[in-house]
Amino acid sequence: MPAQMSSRQRMLAAIEGRETDYVPCSFMIFAALRGRCESDEEFVRRQVAMGLDAFVATASWASARNLEHRDVPGIDHRYPPQVRVRQWKEQGGAESGLAPRHGVLHKEYVTPDGTLKTEVMATEDWPYPDHVPLFDDYLVPRATKFPVEGPDDLPALRHLLGAPDPEAVEKFRANAIPAKALAQELDLLLTGGMGLGIEGGAWLCGMEQLIFHAVDEPEMVDELAEILHEWNVARMREVLAVGVDLFTRRGWYEGTDFWSPPMYERFVFPYLKREVELAHEAGAKFGYINTSGTMGILDYLLEAGVDVLIGVDPVEGMRTDMRAM
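Position 30, counted from 1, in the sequence shown is what numbering that gives the first Met the number 0 calls 29; the numbers after and before it change by one each time, with no gaps.
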């Protein structure tokens with residue numbers, strides 16, 4: 000049994016499969032406690048006081064969860080000057096042809112290579128009054144029109160997903176300083192992210208439509224995956240530069256609940272492997288979040304060099320075999 004470890008040492012040892020003084024307990028999401036805290040620092044300190052192996056997330060410190068991408072916290076995404084964004088709402092009612100209980104939110108991204116349009120049913124539980132985000136889980140079941148409907152929309156999408164805005168990067172760096180200081184003070188794991196791959200296509204195309212494209216127009220999904228990868232890597236480099244211990248990428252919608260293993264090999268694996276290599280070159284571990292449909296992609300995760308699988312769930316996960324995993 001090793002001597003008593005710091006929390007950071009314990010977490011890194013667990014990720015590396017080495018023996019620890021005891022098994023660490025760390026929440027991926029602890030929304031109930033976070034909702035009762037006034038700040039990120041209070042949230043971390045209260046977890047430590049409970050005996051948990053808390054981590055300090057630079058993404059939470061450096062971003063107030065931008066409404067354009069609340070589900071992808073990290074460097075603030077801002078549109079370049081050549082993109083004009085318009086939003087408006089049409090009220091429901093018999094004369095409009097819309098559902099009487101709610102209206103429809105419209106958003107247009109006008110670019111030099113075309114206009115992308117989104118239409119969303121403003122249901123009672125829609126969390127953004129008079130706003131339509133670019134990336135968000137709420138879009139998938141409520142959108143009646145997604146911005147990317149075919150390969151002709153991809154040139155316009157490239158304008159939306161360019162390099163990070165320099166001012167947003169500076170804001171991230173400045174706000175990451177107290178996160179790093181707290182992690183060093185308490186000797187906790189410092190994390191960064193979130194990365195995003197082809198699952199971002201669910202928000203841009205709709206989940207079902209994205210899979211149809213993968214079958215009917217695979218070259219379109221190849222290009223979409225490359226666009227998302229380039230956007231992700233540009234942001235990822237800036238996050239890694241602050242010296243995080245662990246970079247985390249979303250993969251909730253990248254399991255075999257949606258993608259067949261051959262599709263995963265084509266549209267996810269090569270980009271994931273490159274991103275893992277980038278993290279390792281920077282001295283960071285790479286975490287991948289996937290909760291369901293994981294069994295069919297485990298070999299790909301091993302081959303890519305993923306260090307830790309996050310969000311494993313034996314109940315919600317489709318046919319998850321914990322012993323085999």
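For each residue, glycine too, the CB sits at the ideal point set by N, CA and C. Since the model is a prediction, treat every value here as computed from it, not as a measurement.
Taking only beta-carbon atoms, is Pro177 less than 8 Å away from chain B?
Here chain B cannot be found, since the structure has a single protein chain.
Classify Leu271 as buried or exposed, calling it buried when 16 or more other Cβ atoms lie within 10 Å of its own Cβ.
Position 272 of the sequence shown, counted from the first residue, corresponds to residue 271. Buried.
Between the region 289-304 and the region 252-259, are three or more C-beta pairs nearer than 8 Å?
yes
Quick test of your reading: Val71 and Leu223, contact by CB under 8 Å. State the CB separation rounded to the nearest angstrom.
Position 72 of the sequence shown holds residue 71. Position 224 of the sequence shown holds residue 223. No, Val71 and Leu223 are not in contact; Cβ-Cβ is about 16 Å, not under 8 Å.
Mind checking whether Pro111 and Gln81 have CB atoms under 8 Å apart?
On the sequence shown, residue 111 is found 112 positions in, with the first residue counted as 1. On the sequence shown, residue 81 is found 82 positions in, with the first residue counted as 1. Closer than 8 Å, so yes.
Classify Ser6: buried if its beta carbon has 16 or more other beta carbons within 10 angstroms, exposed otherwise.
To locate residue 6, count along the sequence shown from 1; it is residue 7. Buried, by the Cβ-count rule.
Using a 10 Å radius around the Cβ and a threshold of 16 neighbouring Cβ atoms, would you call Thr122 buried or exposed?
As a position in the sequence shown, residue 122 is number 123, starting the count at 1. Exposed.
Excluding the 5 residues flanking Lys393 on each side, which residues of the same chain have their C-beta closer than 8 Å to its C-beta?
Absent from the model: residue 393. The displayed extent of the chain is 0 to 324, so no value can be given.
How is Met294 classed by DSSP in three states: helix, strand or coil?
Within the sequence shown, the letter at position 295 stands for residue 294. Residue state, collapsed to three classes: helix.
Tell me the rounded alpha-carbon separation between Val311 and Ala31.
Position 312 of the sequence shown, counting from 1, holds the residue named residue 311. Position 32 of the sequence shown, counting from 1, holds the residue named residue 31. The alpha-carbon atoms of Val311 and Ala31 are separated by roughly 20 Å.
Is it the case that the Cβ atoms of Leu11 and Asp244 are separated by a distance below 8 Å?
Your numbering for residue 11 matches position 12 in the sequence shown. Your numbering for residue 244 matches position 245 in the sequence shown. Yes, Cβ-Cβ distance for Leu11 and Asp244 is below 8 Å.
In this structure, how does DSSP classify Met193 when only helix, strand and coil are distinguished?
To locate residue 193, count along the sequence shown from 1; it is residue 194. Strand at Met193.
Which one or two residues does DSSP pair with Met120 in a beta bridge?
Position 121 of the sequence shown, counted from the start, is the residue given in the question as residue 120. Answer is Val103.
Is Gly282 closer than 8 Å to Arg248 when the C-beta atoms are compared?
Against the sequence shown, residue 248 aligns to sequence position 249. Against the sequence shown, residue 282 aligns to sequence position 283. It is not a contact, given that the beta carbons lie outside the stated cut-off.
Find out if the Cβ-Cβ distance for the pair Leu297, Met324 is shorter than 8 Å.
Here residue 297 refers to the residue found at position 298 when the sequence shown is read from its first residue. Here residue 324 refers to the residue found at position 325 when the sequence shown is read from its first residue. In this structure, Met324 lies closer than 8 Å to Leu297 by Cβ.
Would Glu348 and Ala142 qualify as a contact pair, given that the criterion is a beta-carbon distance under 8 Å?
Examination of residue 348 is not possible in this model, given that the chain is present from 0 through 324 alone.
Short check: CB of Pro163 to CB of Glu225, under 8 Å?
One-based indexing of the sequence shown puts residue 163 at position 164. One-based indexing of the sequence shown puts residue 225 at position 226. Going by C-beta atoms, Pro163 is not nearer than 8 Å to Glu225.
By a C-beta neighbour count over all protein chains shown, 10 Å radius and 16 as the cutoff for buried, is Arg9 buried or exposed?
Residue numbering aside, residue 9 sits at position 10 when the sequence shown is read from its first letter. That one is buried.
Apply the 10 Å Cβ neighbour rule to Glu198 and answer buried if 16 or more other Cβ atoms are within range, or exposed otherwise.
Position 199 of the sequence shown, counted from the start, is the residue given in the question as residue 198. That one is buried.
How many angstroms separate the CA atom of Asp135 from the CA atom of Glu207?
Counting from one through the sequence shown, the residue named residue 135 turns up at place 136. Counting from one through the sequence shown, the residue named residue 207 turns up at place 208. Taking C-alpha positions only, Asp135 is separated from Glu207 by approximately 16 Å.
When you compare only the Cα positions, how much space is there between Arg157 and Ala201?
The residue you call residue 157 lines up with position 158 of the sequence shown. The residue you call residue 201 lines up with position 202 of the sequence shown. Distance between the alpha carbons of Arg157 and Ala201 is about 17 Å.
Apart from the five residues on each side of it in sequence, which residues of its chain come closer than 8 Å, Cβ to Cβ, to Val84?
Along the sequence shown, read from residue 1 onward, the residue named residue 84 stands at position 85. Here the set comprises Tyr78, Lys106, Glu107, Tyr108, Val109.
Quick one: what does DSSP say Glu302 is sitting in, helix, strand or coil?
As a first step, residue 302 is located in the sequence shown; it is residue number 303 there, counting from the start. Helix, per DSSP.
What residue from Phe246, Val168, Asn231 has the CA that sits closest to Val267's CA?
If you number the sequence shown from 1, residue 267 lands on position 268. The residue with the shortest Cα to Cα distance from Val267 is Asn231.
Threshold first: 4 residues or longer. Then list the alpha helix (DSSP H) segments lying entirely within the region 26-77, N to C.
30-33, 39-48, 57-61
Grouping DSSP H, G and I as helix and E and B as strand, with all else coil, what is Leu308?
Numbered from its first residue, the sequence shown carries residue 308 at position 309. In the structure shown, Leu308 sits in a strand (DSSP, three-state: E or B).
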